[in-house]
Amino acid sequence: MNLRTFLLGTCSAAALAGLTHAGWAQAETLTIATVNNGDMIRMQKLTDDFTSKNPDIQLEWVTLEENVLRQRVTTDIATKGGQYDIMTIGTYEVPIWAKQGWLLPLDNLGPEYDVDDLLPAIRSGLTIDGKLYAAPFYGESSMVMYRKDLFEKAGLTMPDAPTWEFVAEAARKITDKSNEIYGICLRGKAGWGENMAFLTATANAFGARWFDENWKPQFDQPEWKNALDFYVKLMNDAGPPGASSNGFNENLSLFQTGKCGMWIDATVAASFVTNPKESTVADKVGFALAPDTGLGKRGNWLWAWNLAVPAGTQKAEAAQKFIAWATGKEYLNLVAEKEGWANVPPGTRISLYENPEYQKAAPFAKMTLDSINAADPKNPAVKPVPYVGVQFVAIPEFQGLGTAVGQVFSAALAGQMSVDQALASAQQLSTREMTKAGYIK
Amino acid sequence: MARNVSTGRKLITTVVAWTIGILIFFPILWTFLTSFKTEAQAIASPPVFLFFDWTTENYAEVQSRSDYLKHFMNSVIVSFGSTLLGLLIAIPSAWAMAFSPTKRTKDVLMWMLSTKMMPPVGVLVPMYLIFRNWGLLDTRTGLVIVLTLINLPIIIWMLYTYFKEIPGEILEAARMDGASLSKEIIYVLTPMAIPGIASTLLLNIILAWNEAFWTLNLSAAKAAPLTAFIASYSSPEGLFYAKLSAASTMAIAPILILGWFSQKQLVRGLTFGAVK
Amino acid sequence: MRVPFSEPRRLHTGDAMATLHTRSAARLMIAPSVLLLLAWMIVPLAMTLYFSLLRYNLLMPGMEEFAGLTNYTYFLTDPAFFQAIFNTLAIVLGVLFITVVGGTALALLLDQPMFGQGIVRILVIAPFLIMPTVAALVWKNMFMNPVNGLFAWLAKLLGLQPFDFLANAPLLSIILIVAWQWLPFATLILLTALQSLDEEQKEAAQMDGAGAVSRFIYLVLPHLSRAITVVILIQTIFLLSVFAEILVTTNGGPGTQSTNLTFLVYAQALLQFDVGGASAGGIIAVILANIVAFFLMRMIGKTLEA
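Protein chains in written order, with my numbering: chain V, 1 to 441; chain W, 1001 to 1276; chain R, 2001 to 2306.
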């Protein structure tokens, strides 16, 4: 029967695929999970350089959108699924996973790697008990990106270290809704790594904090009310429509198409907004430090996307070889040679910021470095806190909790609830979760 | 058509129906058009409809980033494999239910359908653990098994309703001639059931092709079908409408073309055999 | 007309020996699929039930401990729980309403003589063939986006303020996207049913002087009732667990305004990595789905047997 032969064929094909999967192949195949961000896609395209130097290693890429990626790798590593040999993870995951023994220490990166060249701020977040558990691929803080032409037209000058008061005033002045110019674009899309990254960091500048020393949520305190009130009002007056569904990518598109006067977001965006191939405002962008309110903390965060080796892999040696290639100095030169210095993955190496060619090609270099150095994850808020992390709280529960609170704040931005309701709801939510998780006895 | 309809009325109906048809189809058409624009044109306001510089750079970009053919082959193997395996298991069951029903047949059928109502996320971790223990993670075999089980209730239900259509007298006649059970199935039933089986096959291939939860969560690199391919374009940095459109077009085109070419069977399939 | 659930056929009367033989053979033939589905249902369900009684977070292995019904208490008292149930029902009912009404209207239209009916059918069928993720991405970015979307452009063309669909009417937007995907399904089933309506019957009714409206109510609608039942049954099964569309467009928000039960379980499982809580949610969702299934069964039984 036709049907049956076809099916048999399919089954045996599948079985065969299963066999080769078991690993008889001559060359070692590394499966790499990564985010679909621009720098990673560039790395994927440049891997010929690696495979030609290491002919016995082949690479398989799993490139996914950030949230999907995070779910996939977390499920896999926590259940010891063993599907990946290298994972791209954030600064948030590294210490939590390393403590669980899920990551292998990177102690075999080779003599040329020069670990001491890594930016200390970034490196310390990836080091646990003196061992490096992940290598930074690119690092970022947050800063203000603004349109010099629009500021000039409005008769404004952006200081290097602006206050929130000035930013708000300028945003309202620049806004020209009939011409689709919005004074300020900020994240509003719910998610712990989306609006809550921005809001948590900003709240620090307003003197607010997530928890007090006894892990009691602080959303019922006046500092949070000030911060959230300020944000919602500013966005209603000077933000783009649909701000509550805008994350990093959406705002990037808006800014690149000339619709934002200011955008406060990750420093890594600087190379995108100044790239004339992608941005219509490439030659009109200026940079400044993230704003403060005079309380001593700036809302600039610290983040890096890093490559790490899960403890379950059989191919640790090859994996470290690849990591040494992708995060090493040579890779920066390779990108510079092929795509220009401005497109080099930023924020990981001291030597890059000392390189005059980079300084010349990347007008945002100094501001990026200053922002990264100004971030203080161990001491993020004005008041003392029991946690580490500027734009997140480095506890496993934060992903869920941060996203739930993010939803509520996003609803406040969309006008679906008042700021007071949102804060009350956030307080209730986080008290509930923290009690459930056993932080609050 | 026995009715006499004035040409005028026919024209009006034509215009209205075409307008609605194009409106319903428009999102797909728009995706297709956008896939040939540059990123800047893709978000231009006012939008450009047909008069832009058609470019295939997005397709080249997508192809340079992901191995389309690999994902495509995985999708084909997984959706065809699971549907055929499902048919193999379902045909005897549906046959038995249709021709020797008991009081419980209806309950069994409803119970089978109700297994489809379980939210898959709720059982993801258990499934992941089972798959890991059996070495099925990121294998096409694993995906075939899951999709077979997911679509089995629908396959059985559809086949059951088709088989009920076959007049019992024919079988009776065959039995009088001394045909055995297996001969009964092969020589009498199968030829009559082929249209129904074809429809079932087609509809389930579509359902399997578009299944995005299990295929995405249980695969990584080797077995990843087109649903995973799409997930790498869904919200990248920078302008992405044109690239997303190109990737989307590549992911949906095969099944769209298959559906169009076998429209007749598909329509019959969609009716789940329950409506003539 | 086909009768899916009818009494045993004439075939077996007066054929007792054959019946006995076929009965056992029949059992044997049903067995594989029943056993497989039973395993598919029971194994994960049993594990889920077990996990639901544990304090088990994927990110903190080795800390599992028996937690009794705590997970259930937390899931049931989740502030979003009742909203999620409401949203689940709203999505099911909203999509059913649009597809059944729209599908009937469209089927009536397509049943009229016209030029190029085949092509129109091809156009109408297409959304059903599209991956839900792709459909949601296209609608979200290229149509509903309040700055770059086509709807925003249309609004501006008409001198209106662009409407931010996903922020101001999230549930409605999702219902619209899902309904777009399922409209072809309803339309085609209803069209097939309409085409089987006897031409003579229609003409007879016309001769009796029945108007178009009463013809529709007394002749067409009863004829369509079985087809509508099928639409409702199949769509409900798929609509109860709508997920990809929500994940891609609104992520359940703003707030929890577009969170359905599946999405709530998802948030527990893949954002909190709280396996215990997600398992409890899964069990609750299964129970609720079975309640819906029970009602559906009674409804289907009545219409399909008649």
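Backbone N, C-alpha and C define an ideal beta-carbon position, used for all residues, glycine too.
Counting only Cβ-Cβ distances shorter than 8 angstroms, please list the residues of the stretch 2050–2068 of chain R near chain V, keeping chain order.
Asn-2057, Leu-2058, Leu-2059, Met-2060 and Pro-2061
Which listed residue (Ala-1231(W), Ser-1006(W), Arg-1268(W) and Thr-1019(W)) has its alpha carbon closest to that of Ala-1212(W):
Ala-1231(W)
I'd like to know whether the C-beta of Trp-2182(R) is nearer than 7 angstroms to at least one C-beta of chain W.
Chain W has no Cβ within less than 7 angstroms of the Cβ of Trp-2182(R).
Listed in chain order, which residues of the stretch 1162–1194 of chain W have Cβ atoms closer than 7 angstroms to some Cβ of chain R?
Lys-1164, Glu-1165, Gly-1168, Leu-1171, Glu-1172, Arg-1175 and Leu-1181
Per-residue DSSP class, three states only, for Gly-23(V):
Annotation note: pLDDT 42 at Gly-23(V) (below 50); position unreliable, coordinate value reported separately. Three-state DSSP puts Gly-23(V) in coil, outside helix and strand.
Pair within 7 angstroms by beta-carbon distance, Leu-334(V) and Leu-352(V):
Contact: no.
For Leu-2036(R), go through chain V and note every residue whose CB falls closer than 8 angstroms to its CB, in chain order.
Going along chain V, no residue has its Cβ under 8 angstroms from Leu-2036(R), so there is no contact; the nearest lies around 16 angstroms.
Between the Cα of Gly-110(V) and those of Gly-247(V), Trp-325(V), Val-390(V) and Gly-415(V), spot the shortest distance and give me the residue it belongs to.
Trp-325(V)
Local Cβ density within 10 Å of Ser-1006(W), reported as buried at 16 or more and exposed below that:
exposed
Report yes if the C-beta distance between Val-62(V) and Ala-1220(W) is below 7 angstroms; otherwise report no.
yes
Can you find a C-beta in chain R that's less than 7 angstroms from the C-beta of Gln-83(V)?
no
Below 8 angstroms on the Cβ atoms is my guess for Leu-2261(R) versus Ala-2285(R); work out the distance and round it to an integer in Å.
5 angstroms
Establish whether the CB of Pro-240(V) and some CB of chain R are separated by less than 7 angstroms.
yes
Extract the residue ranges of the alpha helix (DSSP H) inside the stretch 20–83 of chain V, only unbroken runs of 4 or more that lie entirely within it.
Those alpha helix (DSSP H) runs which fall completely within the stretch 20–83 of chain V and span 4+ residues are 38–45, 48–53 and 66–78.
Answer yes or no: do Ser-253(V) and Ala-342(V) have a C-beta to C-beta separation smaller than 7 angstroms?
no
Looking at Phe-1032(W) and Met-1054(W), is the spacing between their C-beta atoms short of 7 angstroms?
Here residue 1054(W) is Trp; the residue named in the question, Met, does not match the sequence. No, the pair does not count as a contact, with Cβ atoms beyond the cut-off.
Taking the alpha carbon of Leu-307(V) as the reference point, which residue from Phe-211(V), Gly-139(V) and Glu-169(V) has its own alpha carbon closest?
Gly-139(V)
Strictly below 9 angstroms CB to CB, what residues from chain R border Val-1108(W)?
Within chain R, the residues near Val-1108(W) are Ile-2030 and Val-2034.
Is there at least one Cβ from chain V nearer than 7 angstroms to Tyr-1160(W)'s Cβ?
no
Nearest neighbour of Leu-64(V), chosen from Ile-57(V), Met-87(V) and Gly-81(V) [CA to CA]
That would be Met-87(V), whose Cα lies nearest to the Cα of Leu-64(V).
What runs of the alpha helix (DSSP H), each 4 residues or longer, lie entirely inside the stretch 2166–2235 of chain R?
Those alpha helix (DSSP H) runs which fall completely within the stretch 2166–2235 of chain R and span 4+ residues are 2170–2195, 2199–2207 and 2212–2215.
Just how far apart, CA to CA, sit Val-344(V) and Leu-119(V)?
15 angstroms
Using alpha carbons as the reference points, say which of Thr-75(V), Leu-401(V), Asn-379(V) and Thr-435(V) lies closest to Ala-426(V).
Leu-401(V)
Relative to chain W, which residues along the stretch 2113–2125 of chain R have a C-beta separation below 9 angstroms, given in chain order?
Pro-2113, Met-2114, Phe-2115, Gly-2116, Gln-2117, Gly-2118, Ile-2119, Val-2120, Arg-2121, Ile-2122, Leu-2123, Val-2124 and Ile-2125
By DSSP's criteria, Glu-2065(R) is part of a beta bridge. Which residues make up the other side?
Glu-2065(R) pairs with Arg-2055(R).
Measure from the alpha carbon of Pro-2162(R) to the alpha carbon of each residue in Trp-210(V), Gly-242(V) and Phe-392(V), then state which is nearest.
If we check each option's Cα against that of Pro-2162(R), Gly-242(V) comes out closest.
What alpha helix (DSSP H) runs, 4 residues minimum, are completely inside the stretch 1044–1104 of chain W?
Segments of the alpha helix (DSSP H) lying fully in the stretch 1044–1104 of chain W: 1057–1065 and 1068–1099.
Proximity below 7 angstroms, CB of Gly-2102(R) to CB of Leu-2190(R):
no
Could you check what DSSP says for Lys-131(V) in three-state terms: helix, strand or coil?
strand
Roughly how many angstroms lie between the CA atoms of Gly-1081(W) and Leu-1159(W), to the nearest whole one?
18 angstroms
Reduced DSSP secondary structure (H/G/I, E/B, other) of Ala-2155(R)
Three-state DSSP puts Ala-2155(R) in a helix.
Looking only at its chain, what residues have a beta carbon closer than 8 angstroms to the beta carbon of Ala-412(V), apart from the 5 residues adjacent to it on each side?
Leu-228, Val-232, Ser-418, Val-419, Gln-421 and Ala-422
Strictly under 7 angstroms for the Cβ-Cβ distance: is Pro-1297(W) near chain R by that measure?
Because chain W in this structure spans residues 1001 to 1276, residue 1297(W) falls outside the shown range and cannot be described.
Taking 7 angstroms as the CB-CB cut-off, is Val-2147(R) touching chain V?
With 7 angstroms as the cut-off, Val-2147(R) counts as an interface residue toward chain V.
Please confirm if Tyr-1128(W) has its CB atom under 7 angstroms from at least one CB of chain A.
Judged by its chain identifiers, the structure shown contains no chain A, and its protein chains are V, W and R.
Whole angstroms are fine: how far does the CA of Val-2230(R) sit from the CA of Lys-1183(W)?
33 angstroms
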